[in-house]
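Everything in the sequence shown is counted per this note's numbering, starting at 165 for the first residue and increasing by one. Just so it is clear, CB atoms sit at the ideal spot from N, CA and C, and this is done for glycine as well. Report on the structure given below.
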Amino acid sequence: APVAAAAAVFLVYPIGQGSFSDGMPLGISGTFNFMLVFQAEHNILMHPFHQLGVAGVFGGSLFSAMHGSLVTSSLIRETTENESANNGYKFGQE
């Protein structure tokens, strides 16, 4: 996948635009300029696949947080009144 992405950005897109000066240059300022020009010319932020990708990243973050909350809430305290409250935790439920 990284090779295909690099080929698309550095070879396919400039050939399609008709000039290698339209391709993404190396370096951070050139990359940011390429991203701004690409957005201005193609409105990539409104593309349905881009929107699905952003929703997928946010959804993955949400599910990761919910999973962490579920795992954390399953740590049940297993002590009696004669034990210290600082005694260890145990996974699972009884």
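Go ahead and pull the three-state DSSP assignment for M188.
-> Within the sequence shown, numbered from 1, the residue matching residue 188 stands at position 24. Correct three-state label for M188: coil.
When the distance is taken between beta carbons, is F198 closer than 7 Å to M210?
-> Translated into positions along the sequence shown, residue 210 becomes position 46. Translated into positions along the sequence shown, residue 198 becomes position 34. No, Cβ-Cβ distance for M210 and F198 is not below 7 Å.
How big is the Cα-Cα spacing for T236 and N246?
-> Here residue 236 refers to the residue found at position 72 when the sequence shown is read from its first residue. Here residue 246 refers to the residue found at position 82 when the sequence shown is read from its first residue. Straight across, the Cα-Cα distance linking T236 with N246 is about 25 Å.
State the Cα-Cα distance for the pair V201 and I208, rounded to the nearest angstrom.
-> The count along the sequence shown starts at 1 and reaches residue 201 at position 37. The count along the sequence shown starts at 1 and reaches residue 208 at position 44. Going by the C-alpha atoms only, they are around 11 Å apart.
Go through its chain and collect everything with a Cβ distance to V167's Cβ below 6 Å, but skip five positions before and after it.
-> On the sequence shown, residue 167 is found 3 positions in, with the first residue counted as 1. Nothing listed; no residue qualifies.
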